[in-house]
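The opening position of the sequence shown corresponds to residue 6 in this note's numbering, with each subsequent residue numbered one higher. For reference, the structure discussed in these notes is given below.
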Amino acid sequence: MASVYRWITDTLGITEKDVPENRTVLIGNRSPVEDFVYIPQKFPDNTVISSKYTLINFLPKNLFEQFRRIANFYFLIVALLQFVIDSPVSPITSVLPLVFVISVTGIKQGYEDWLRHQADFEVNNRPMRVIRDGEIVDTRSSDIRVGDIVRCKLNDEFPCDMIVLSSENPEGECYVTTANLDGETNLKMHRSLPVTALLQNVESLNSFKGVIECEQPHTDLYKFIGRMKTFAPNRQETVYPLSPENVLLRGARLKNVKYVFGVAVNTGEQTKMALNSKSKGQKFSCLERSMNKYLGVMLILLVVETLTCTIAKYTYDATNHVLKEHWYFYPSALLSGDYDIDVQNVLGTFLSFLVLFNYIIPISLYVTLELQKFTGSMFFAWDIDIYDEATNQRAKANTSDLNEELGQVEYMFTDKTGTLTENNMQFRQCSVDGIKYEDVNGVSLKMTTEPEDFTNSGKEHRRELLHEFLLCMGLCHTVHVHKDSENGMDSIDSKAPLDYQASSPDEKALVEAAASYGVKFLGGTSEYIEVQVDSDVERYELLHVLEFDPTRKCMSVIVKTPTGEIRLLCKGAESTILHKSISGNVDSTLQHVNDYAVLGLRTLCFAYRILSPEVYEEFHEQLAEASSSLENREEKLNAVFEIAEQQLHLVGATAVEDELQDGVADTIAKLREAGIKVWVLTGDKQETAVNISHSCDHFKANMSELYLVKQKDPNEISRMLTDYSKMVDGGGNYAFVVDGPSLALALNFHSDKLLQVCIKCVAVLCCRMSPLQKAQTVKLVKDSPTKPTTMAIGDGANDVSMIQEAHVGLGIMGKEGRQAVRCSDYAFARFRFLQKILLVHGPWYYIRVAMTVQYFFYKNIAFITAQFFYAFYTQFSQQTVFESFYLTFYNITCTALPITIYGIFEQHLPKKMLLENPLLYKEISKNAKLRLWECFYWCILGFYHAFLFYYVPIWLLGDDIGLKSEQVNYGIWSFGTIIFTNCVIVVNIKLIIETCHWNILAVASMVITIVGYPTLASIYSGIVWFNATGWELFSTTSLYWVFFEVHKIAAMWFCILLSVGMAFLPDFVYKMIMYYYYPSQSQIERQMSPSSQRCMCQGIGPFELLRSNCMREDGVFCSIYQRSDRLITPHGSLDNGSLAYIFDNPNFMLHNMKEKAQVLKQEETKISEENLDIGTYELMYHNSKNETKKIQLSVL
C-alpha cells in the first residue's frame, strides 16, 4: 500500500524529493574498489520527451489548458447554463462556436505535438554503441544510462552529456560544433584528462577504475564543476578537476576525429539541452494588457445590461396592471409562480438575460489573434530586407507574442561591441616600454614615438623588449589551431594552413598580429604550446591556464620556458593590469592607452611575473585544492588567481580596431527622430565608448556632455546629480556619461536622482559596466513612473541579462556566440535592420492587432445590442430576436475571415513612407490606438449602429404595415433577419473603409463573406433540415423560407440602404473633419506623396516637386522641391537630391537627405547647416487659399 501511495504522489509531483547537492557517477557502472561506499541516486533514462501529450492524456490535458483562458472558460460556463436553465436560445448557439474554437486550437496543437513525437522517436531510436560487461554492444540512444561508456564516431551527435575519456587523438583532443545548442558554427576544442587520454580500446577502458563527482544538472551551457577520482591497483586515490573543456554536451556534433569515448553524466530530461528547451519567462505586450482591461469593461457592460433588464422585468411585472387582462396566460403563469419574486426566479431571469447578451464577448478573438501573430512572425523571418546575404543569416522570431510591442518602443538599450560595431578586430597599434608602434600593412611594426636612446645598445634593448611583448601576445591566450587533414584528425605537424579558432575576436586578432610580426603560434596540447620565432620552433610547457573572469578583467597562463624559467603571462584591462604592475613604464603606457581610446580603439595591457619554484609549488597546491572543490569552486579559484596575478612587470599595451557597422549612424538618427531614446551600455573604457558614440552620431556636436565617472563618494554623486538636474531642467541638448563604479553607487543611494537626469538627456552612455549593471539600468527605466516600453539589443552572453529584463529583447547574430540570440525575442544579423524592424514591422504589427481588438468588440456590440433594445418591446420576457442560426454563425463565418486577413496583411502606410518619415512612429506610441478615446469611439459607434439596425426597421415596419403583396405582416424572425442583414453588411463595409492595403486575399475574403452569408442563409432557410436528416438539432423550422421572403421586397432593400447610409454618415463627417482640420502626420504624408511634376524656381534652377499641400504648424501650406541638377554657389556646391523646405518662418534651409545637411566646400571641408551661407533665392509655395506665392529662401 505504501508503494502505491508513493507511486501516486511521485506521479502527481507532490512528493518532495531529497536531491543531493552533487552526484556521484561510477565510470562504466562499476565500483572502483570492492568496499567503495556511496549513496546510490536514481537517474532518469536517456529517453527524450519533447512532446506534451500522449493518446491517453491529450483530450483532458488539452481541454484543461484551453479552458484556463478566461474567454474560453466564460463561454463554457454560458453553454452549461443554457442546458441547466430554461434558455431563451438554443444551447447550440454557444456550444457550436465554442467547439469550433476549441477544435481548431486542439487540432493545431495536436498536429504540432505529433511532429514532436516523430522527432522524439527518431532521436530515441538512434543506434549507439556502449561498453557493457567488458565488451562493446549496440543499443538505442534511449537505453543509455548514467555511467555508461559511450562510443561516438565522426559526425555523430552526442546522445547525452558526457565526460570525454579519450579520442583517436593521442592527446585526447576532439573538435565539436554546437550549432544545435547555441547556434555557433565554429569548431570548439574539447579534451580529456591526460590520465584517461591513453584509454584507446575496450580492454583498457574496461580495466579503468574511477568515479566522477559533479554538480547536479543546470541550464548554464558554459559551466561545469566536477572532479574525477581514479584508483590505482594499490587502491591509491588521485583527484583530477573537471571543467567545461572536458564535457561533451548532448546536441553537439563530433568533428575531425574518427571516434571518441565518453562517460554519460547527464541523461534524458537532465541534459543541458533538455533543460534549456524549457520555455523562459512569459512576456506580455502592452496591447495584450489593454485588451484584458477592454474585456473587463465588456464584462461589466454585460452585467449592467443583464441587471438592467432583470430589474426592469420585475418592476414592470409589479406595476403594469394590463398583464392581468391577458386571460390566456396570466392565470396559469400566476399559479406556476412565474411572477413570484424569489431567489430562484430572479437568478433564473438574470442568467437568461446573461445568455441572451453574452455574445458581446467575442469568442473567436483569441484564436484570430493567435493566427495573426503566428503568421506575422513567419513574415518577419521571410523578410528579404532583413536577411544578411554576407553571412547567409535570416531574421528569426523566437516568439510571436510581442510582435505589436515592436511598435511601442520608447527606450532602446544597446551593447556596443558586435552590436554597433562589426566585432571584426584588426590590430592597429601597440605601446612597448613607453614607445608607440604602428602596424604597417599587417607585416611589420613602425615606431611612431622618438626613442631617447639611439645607440646600438638602445636599439638592441628595444628589440628585446618588443620580442618579449610579441611572445606574450603569442602565448597568453586560449586560441586553438585547427587544420583539416585527410584522415580527419588534427595534426600539429601538418603543413595545412593555420586556422586560428578563438572564442573572442580580440584574442584571434592579437595572435594573428603576433604571427605577422615574427612570433607564430603553431598550436599545442594541454601540456605544451609551440611558437615559431623567425625560423626556430620553441616549445613552452603549459602549466596552468587562468581563465578570463569579468570580475578580474584579465586572464593568465603559466608556462615554463625552454630555459626552465616559470613565467605567469597576464593580459587584461588597463584598470586591472596597471594597478597590479610594480615595474615597467606604467605612466607612459597609461597615457598611450588613453590616446588609443580617444581614437576609438580597444585596448589591452600585457604583463608578466617570474615565479620561483617555491612560489609556484605553493600556488600549484592552492590551485589544485580549489580546482577539486565542488562547492564555491569559482570563488575559490578567483581568490587563488588574485594571489598569483600580483607584482607584475608591465610589458606594454595593444590597440585593435573594431569598425562601425554600416548604417549605424543613420539608424540611430532615425530612431531618435521616431522618439526612441538610445542608451549605449558597454564594458569598454570611457574614452573608447565616448569616441564610438561620437562616431555613430549617438553624441552630436550640439550636445553638452555631462560626466559622472570615477566617483567613490555617494554624497559627491548626490551633489553632482542635483547640479545636473538643474542644468537639464533649464533646456538644451545633453548627453550623459556614467561609468560602472559610479553607477553602482548611484543606483544604491540616489536612483531617483539618477533617473531624473537620465530621462531628460538626449543620449546616455554607460561604460565599464558589468552584465548585472546592464540589467539594473534597464529595470531602472522600465519601472520608472511613466512605465515606458523598453527594448534591449546585444550579441553576447554579457547582454543576456538586459535582453531578458527589457520588454522586448533583440539578439544580434554576431561573433560572440549565440547566447543572446537564444535568449532574445527576435534576432537578426545587422544593427541597421532595426530601421525596418521598428519603423515598418512595428507599426504594421501594432495597427493590425489594435484594429483587430477594436473591431471585434465593435462588431459584437453592434450585433447583440439590438437584443437589448428588443427586451424593452417584449416586456423583458427574455425573448430572442435572432434565430439560433444567426447567433451561431455571426462570429464564425459572417465576419471572421476579412478581419483575419486584415490582421495578417494590412499595411496602413507603405514601407517607403514609414522609413522616410520616422516621425510617424510617434503616432502609435504609448498604445495610442487603445487609449480611452479610441475605445470610446468604437463602442459608441457600435451602439449607434445597433440603434440604426433596430430602429430603422421598427420605423419602417411600425403600426403593422404589411409590405408583402398579400398584405401579410412580417414576424419576429423576419424582423431579426432584417437586423442581421443590416449588421453583416455594415460591419464588413466598416472594415472596408478602415482597410488601406488591398491585395487579392483581402478582396477574396470580403467577397467570400458578402456572398457567403446569403448563400449559407439560403441553404439553411430553404430546406427543412429535420426532414432531410432526422436530427433533433434541426427540429425547429422557424426560419424556413424566411430569408427569401424578407429579401424579395424592394422596401427591405430600401431599409438596408437607409441603414447603411445613416450608419456611415456621422463616421464620414467625423473623418472629414479630422482629415481637413486635424490631420494626423500619416494623413499629411499620404497627401505629400511624390509626383513627377517639375517646376522652375527663379534664381535656383530646376526642381522636382516632392510634396504638395504640406501644412506647417502655423497653417501655411507649402510645396517642397528637390533639385534635379547641381547648384554651384560661391561657398561650395549642393549635389543632386538637395531638398528645399520650410524650417521655421521666415528662415529656410537647404537639406541634403543623404548627407545630413553637410555640404562640401571646394577645399573639401565640411560646413554644418548652422553656418552654411550660400545666398538668398526665391521659393514657390502655396498658402492656405492654394494661391501660388514666391518668397525669399535664405540658406542659413
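Virtual Cβ for every residue (Gly too), placed ideally from N, Cα, C. Just so we're clear, the structure is a prediction, and the values are computed from it rather than from any experiment.
| Item | Value |
| --- | --- |
| What residue from 516, 236 and 105 has the CA that sits closest to residue 576's CA? | 516 |
| Quick one, which of 682, 414, 1046 and 984 has its alpha-carbon nearest residue 846's? | 414 |
| Assuming residue 1061 and residue 990 make a contact with CB atoms under 8 Å, what is their CB distance in whole Å? | 7 Å |
| Under the three-state reduction of DSSP, which class applies to residue 423: helix, strand or coil? | coil |
| With 8 Å set as the bound, which would you pick, yes or no: does the beta-carbon of residue 305 sit closer than that to a beta-carbon of chain D? | Although the question refers to chain D, the structure presented lacks it and comprises just one protein chain. |
| So if DSSP puts residue 271 in a beta bridge, which residue, or which two residues, is it bridged to? | 166 |
| Near residue 618, which residues of its chain fall below 8 Å by C-beta distance, leaving aside the five closest residues on each side in sequence? | 571 |
| Suppose the cutoff is 7 Å on Cβ atoms and the five residues either side in sequence are ignored; what does the same chain contact list for residue 122 look like? | 56 |
| Kindly indicate which three-state DSSP category residue 1127 falls into: helix, strand or coil? | Only weak support exists for where residue 1127 lies, its pLDDT of 44 falling under 50; the coordinates are left without a value. |
| Among 391, 874 and 485, which has the Cα closest to the Cα of residue 178? | 485 |
| Mark residue 88 as exposed unless 16 or more other C-beta atoms lie within 10 angstroms of its C-beta, in which case mark it buried. | exposed |
| If you count every other CB in all the chains shown that lies within 10 Å of the CB of residue 796, and 16 or more means buried, which is it? | buried |
| Kindly indicate which residue of 690, 671 and 593 has the alpha-carbon position closest to the one of residue 608. | 690 |
| So, for residue 346: in the same chain, excluding its five sequence neighbours on each side, which residues have a beta-carbon less than 7 Å away from its beta-carbon? | 319 |
| With respect to the beta strand (DSSP E) encompassing residue 242, which residues constitute its N-terminal and C-terminal limits? | 242 to 247 |
| Just confirm the distance between the C-beta atoms of residue 2 and residue 819, as a whole number of angstroms; I'd bet it's less than 8 Å. | Residue 2 is absent from the model: the chain starts at 6 and stops at 1201. |
| Taking three-plus beta-carbon pairs below 8 Å as touching, is the segment 261 to 277 in contact with the segment 300 to 320? | no |
| Residue 369 and residue 2 - do their beta-carbons sit closer together than 8 Å? | Past the boundaries of the shown model lies residue 2; the chain is included only from 6 to 1201, so the question cannot be answered. |
| Along the beta strand (DSSP E) that carries residue 49, what are the first and last residues, could you check? | Segment: none, residue 49 is in no beta strand (DSSP E) and carries neither H nor E. |
| Residue 1086 to residue 928, Cα distance in whole Å? | 7 Å |
| Classify residue 960: buried if its beta carbon has 16 or more other beta carbons within 10 angstroms, exposed otherwise. | exposed |
| Please identify the residue among 144, 173 and 255 whose C-alpha is closest to the C-alpha of residue 162. | 255 |
| Is it buried or exposed, residue 463, if we count other Cβ atoms within 10 angstroms and call 16 or more buried? | exposed |
| If you check the beta carbons only, do residue 418 and residue 551 fall under 8 Å apart? | no |
| For residue 1097, which residues in the same chain have their Cβ closer than 7 Å to its Cβ, ignoring the five residues on either side in sequence? | Note that residue 1097 scores 31 on pLDDT, short of 50, meaning its location in the model is unreliable; the coordinates nonetheless yield the value given after this. Nothing listed; no residue qualifies. |
| Measuring CB to CB, does residue 151 end up less than 8 Å from residue 144? | no |
| According to DSSP, which residues form a beta bridge with residue 136? | 141 and 154 |
| Between residue 656 and residue 477, which are expected to be in contact by the criterion C-beta below 8 Å, what is the C-beta distance as a whole number of angstroms? | 6 Å |
| Assuming residue 217 contacts residue 141 (C-beta within less than 8 Å), just tell me the rounded distance between them. | The Cβ separation is near 20 Å, so there is no contact. |
| So residue 726 and residue 762 are supposed to be a Cβ contact under 8 Å. How far apart are they, rounded? | 6 Å |
| Which ranges would you report for the alpha helix (DSSP H) in the segment 748 to 824 if only whole runs of at least 4 residues count? | 756 to 764, 776 to 787 and 805 to 810 |
| So which of 539, 537 and 529 has the shortest CA-CA distance to residue 547? | 529 |
| Among residues of its own chain, excluding the 5 on either side of residue 225, which ones have a beta-carbon nearer than 8 Å to its beta-carbon? | 277 |
| Using the rule of at least 16 other Cβ atoms within 10 Å of the residue's Cβ for burial, across every protein chain shown, is residue 85 buried or exposed? | exposed |
| Among the candidates 581, 603 and 103, whose CA atom is the shortest distance from the CA of residue 610? | 581 |
| Could you round the C-beta distance between residue 259 and residue 181 to whole angstroms and report it? I think they count as a contact, below 8 Å. | 6 Å |
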